[in-house]
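Enquirer: All residue numbers for the sequence shown refer to UniProt numbering, where the first residue is 1 and numbers rise by one. The beta carbon of each residue, even a glycine, is placed where N, CA and C say it ideally should be.
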Amino acid sequence: MGAAGGSGPATAAAGSAVRPADDDDVLTVDELVAWLRLSESTVLKLLSERAIPARKVGHQWRVRRGRVRDWLDGRE
Numbered sequence: 001m002g003a004a005g006g007s008g009p010a011t012a013a014a015g016s017a018v019r020p021a022d023d024d025d026v027l028t029v030d031e032l033v034a035w036l037r038l039s040e041s042t043v044l045k046l047l048s049e050r051a052i053p054a055r056k057v058g059h060q061w062r063v064r065r066g067r068v069r070d071w072l073d074g075r076e
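(1) How would you write the range of the beta strand (DSSP E) that R55 sits in, first residue to last?
(2) Go ahead and pull the three-state DSSP assignment for R64.
(3) Using a Cβ-Cβ cut-off of 6 Å (strictly less than) and excluding sequence neighbours within five positions of R62, which residues of its own chain qualify?
(4) Who does L27 pair with in a DSSP beta bridge?
(5) Within a Cβ cutoff of 8 Å, which residues of the same chain sit near Q60, ignoring the five residues on either side of it in sequence?
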């Protein structure tokens, strides 16, 4: 039949982007370390150098998943 049902991945019209549902997730350093598969010291260095876009809340870093995706893709 081939009817489009909506059970597949999100698509967008030409020229627009679909934002993943988890882009607004806020990650801790530990979660970022696990996701990027980097050492904690490397992640902390990238954060302190502002290479990865993030915010410090008190003494703890918080990072939006979508901003990290953009950074990885070279858009940040």
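Expert: A quick look at the data gives this:
(1) As a working mapping, residue 55 is identified with position 55 in the sequence shown. First-last of the beta strand (DSSP E) with R55: 55 to 57.
(2) Taking the first residue of the sequence shown as position 1, residue 64 is located at position 64. Reduced to three states, the DSSP call for R64 is strand.
(3) Along the sequence shown, one-based indexing puts residue 62 at 62. Cβ neighbours of R62 beyond the five flanking positions: V26, R55.
(4) Locating residue 27 in the sequence shown gives position 27, counting from the first residue. In DSSP, L27 forms a bridge with V63.
(5) On the sequence shown, position 60 is the one that residue 60 refers to. T28, V29, listed in sequence order.
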